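Below: one structure, written as structure tokens.
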């Protein structure tokens with residue numbers, strides 16, 4: 434072994450000596466087996482203000498009471514209602530458009546009683562299931578019918594009582610003329626259609642539930 438190899442051996446011995454583990458400081462961990470939460474249960478009995486509890490007590494007994502008068506429809510005088518002539522004309526056109534599938538009946542829910550709305554709905558369904566035949570030429574392809582709009586030809590409005598209007602309307606359009614008789618009564622600041630009649634049974638002749646019975650048959 435030469436003197437030139439001694440420094441290398443010394444360095445290797447120093448590296449091995451430094452790689453040996455040395456005793457360190459021991460840290461003792463706390464025992465968490467008996468740990469308890471420090472947050473308490475959420476208090477739900479707080480008040481909203483002025484001493485009013487956020488969760489009021491439930492009553493021990495419930496009572497059935499009659500419908501209060503203020504929750505029913507309140508009659509409205511003629512002076513507090515829209516112009517009757519314009520309203521009757523608008524409703525007549527809307528009824529015909531519903532019958533021909535040009536307007537959804539949901540737009541008339543607020544302006545008709547339940548009975549009138551149901552009969553109009555059944556009539557519209559009956560018309561959709563039994564459409565009018567499409568006219569054909571003697572030769573050539575069938576013509577596509579043009580869907581047109583109806584307009585008011587004549588309108589007569591009478592007022593038998595304050596807040597009650599009866600209207601007779603005649604409408605003409607691409608099909609046969611349509612005559613309507615309507616009665617409007619003022620409730621809650623608006624006109625409400627309580628009667629809808631026509632000489633054409635295809636408009637108001639069906640009774641509520643006829644469409645469901647026809648489907649069952």
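Residue numbers (the working numbering): 434 to 650. Ideal Cβ placement from N, Cα and C applies to all residues, glycine included. All of these numbers come straight from a predicted model, not from anything done at the bench.
Since I believe residue j is in contact with residue i (beta carbons under 8 Å), could you give me their beta-carbon distance rounded to a whole number of angstroms?
i	j	result
residue 612	residue 632	6 Å
residue 514	residue 538	Actually they do not touch by this definition, with Cβ atoms about 23 Å apart.
residue 629	residue 549	5 Å
Just tell me which of the options has its CA closest to the CA of residue i.
i	options	result
residue 520	508, 588 and 552	588
residue 607	553, 583, 620 and 618	583
residue 594	604, 616 and 585	616
residue 511	624, 630 and 556	624
residue 602	551, 518, 557 and 549	518
residue 591	509, 516 and 508	516
residue 508	604, 596, 529 and 556	596
residue 527	551, 544 and 610	544
residue 562	598, 609 and 534	534
With hydrogens ignored, establish whether the beta-carbon of residue i is closer than 6 Å to any heavy atom of the ligand GTP.
i	result
residue 532	With respect to the ligand GTP, the structure offers nothing, as it holds no ligand at all.
Quick one: residues in its chain with C-beta nearer than 6 Å to the C-beta of residue i, no 5 flanking neighbours on either side, listed in chain order?
i	result
residue 522	585 and 588
residue 627	546, 616 and 618
residue 475	Bear in mind that a pLDDT of 49 at residue 475, under 50, signals an unreliable position, so the number given afterwards is only what the model happens to contain. Correct list: empty, nothing qualifies.
residue 609	none
Go through its chain and collect everything with a Cβ distance to residue i's Cβ below 7 Å, but skip five positions before and after it.
i	result
residue 506	620 and 621
residue 532	556, 557, 560 and 636
residue 529	583, 604 and 611
Among residues of its own chain, excluding the 5 on either side of residue i, which ones have a beta-carbon nearer than 8 Å to its beta-carbon?
i	result
residue 525	585, 588, 600, 602, 604, 613 and 615
residue 536	527 and 530
If you measure from the beta carbon of residue i to each beta carbon in chain B, is any gap under 7 Å?
i	result
residue 617	Here chain B cannot be found, since the structure has a single protein chain.
Could you tell me which whole beta strand (DSSP E) segments of length 3 or greater appear in the segment 593-633? 597-605, 611-620 and 623-630
Threshold first: 4 residues or longer. Then list the alpha helix (DSSP H) segments lying entirely within the segment 503-551, N to C. 517-532
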